[in-house]
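See structure below.
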Amino acid sequence: LKHLARTQPDLPATAELATHEVEALVLLKRKRKKKNEQIPDGIPPLALAVQWIAELGGYTGKSSGGPPGSVTISRGLERLAPAAEMLRVLRENGLVR
């Protein structure tokens with residue numbers, strides 16, 4: 004995921020993540036966005052999605068020593084997984100469109 008985000012950053016996030024994972028990520032990002040930050044509509048590019056995942060895992064930006072690493076991406080994926088699973092189950096049961 005990290006390698007692909009760095010070598011092919013413009014791929015859609017759905018190239019590596021399931022649709023429900025991307026949707027959950029966007030929902031979580033909208034909840035945690037900075038005041039001056041704009042969240043684009045639609046599917047974000049892979050590099051942006053990986054940055055958001057890393058932010059969930061504690062990445063604080065380039066000031067923390069460069070692009071997101073494996074540890075913060077892994078932590079972010081651990082935090083994303085329950086939200087994505089919940090969204091998938093709700094959709095399967097017709098409780099969310």
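For the sequence shown, my numbering begins at 4 and goes up steadily by one. Heads up, the beta-carbon is just placed ideally off N, CA and C, and yes, glycines get one too.
List, from N- to C-terminal side, the alpha helix (DSSP H) runs of 4 residues or more that fit wholly inside the segment 18-73. 22-35, 49-59
A8: first and last residue of the uninterrupted alpha helix (DSSP H) it sits in: 5-10
Can you grab the Cα-Cα spacing for the pair V25 / G64, in whole Å? 20 Å
Alpha-carbon spacing of N39 relative to V53, whole angstroms: 20 Å
What does the alpha-carbon distance come out to for the pair P71 and R100? 32 Å
What do you get for A57, buried or exposed, if any count of 16 or more other CB atoms within 10 angstroms of its CB means buried? buried
Rounded to a whole number of angstroms, what is the C-alpha to C-alpha distance between L49 and T75? 16 Å
Select from P47, R33, I42 the residue whose C-alpha is nearest the C-alpha of P12. P47
Can you tell which of V29, L7, H23 has its C-alpha closest to the C-alpha of P43? V29
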